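Undergrad:
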Amino acid sequence: MAIQGPIPVTFGQVFPHGCFAVGDVEPVKDFEASTNGRFVQARDKQTGELVWQIPVMDADPTLKAAQKTVSVKLLGAVQPVPPAPVAGVPFVPVEFDGLTITPYVNGAGRLAYSIKARQILAPRTNTSTTKTTSKEAAAA
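Just so you know, we're using the working numbering here: the sequence shown kicks off at 26 and counts up by one.
1. Cα separation between Pro-86 and Phe-40?
2. Between Val-81 and Ala-67, which are expected to be in contact by the criterion C-beta below 8 Å, what is the C-beta distance as a whole number of angstroms?
3. Does Val-47 come out as helix, strand or coil in the three-state DSSP assignment?
4. Between the alpha carbons of Gln-71 and Leu-88, how many angstroms are there, rounded?
5. Excluding five sequence neighbours on each side, which residues of the same chain lie with their C-beta closer than 6 Å to the C-beta of Ala-142?
6. When you compare the CB positions of Tyr-138 and Pro-128, do they come within less than 9 Å of one another, or not?
7. Could you tell me if Gln-78 is buried or exposed, where buried requires 16 or more neighbouring beta carbons within 10 angstroms of its beta carbon?
8. If you follow the beta strand (DSSP E) that Phe-36 is in, where does it begin and where does it stop?
9. For Val-119, is the classification buried or exposed, using 16 other Cβ atoms within 10 angstroms of its Cβ as the cut-off for buried?
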């Protein structure tokens, strides 16, 4: 098979409606190396970089409540810092660069995805990709 390892994807493919950070960036525990009273942070198997995670809420209005929150793993030598909160918004809107997904079968025997990213940032606004409505197109 030509696809080996994590599959590169764009932010828009994973979160077409955007997403919001709903927790803090925290280190991921290496359960095999950690012992009672001794925490060892996980390292990515492909890159060897430290693994961090942040819970995010998918803004897709069609998702059921149980499907809305996912954890995105971040790779880096230092703890990533999410963007600053936006005044008047209860959650911090975020985007990710360098996204990959890795499908796996979870403990319940269902297909699931591990989402990893290289960078967390504030959402970008790109006016050049703004969609034009059919009425606006007809008027032009």
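Even for Gly, the Cβ is constructed at its ideal location relative to N, Cα and C. None of these values were measured; they are calculated from a predicted model.
TA: According to the data block:
1. 11 Å
2. So it is not a contact: roughly 19 Å between Cβ atoms.
3. coil
4. 32 Å
5. Val-97, Leu-99, Phe-121, Gly-123 and Leu-124
6. yes
7. buried
8. Careful: Phe-36 lies outside any beta strand (DSSP E), inside the alpha helix (DSSP H) at 36-39.
9. buried
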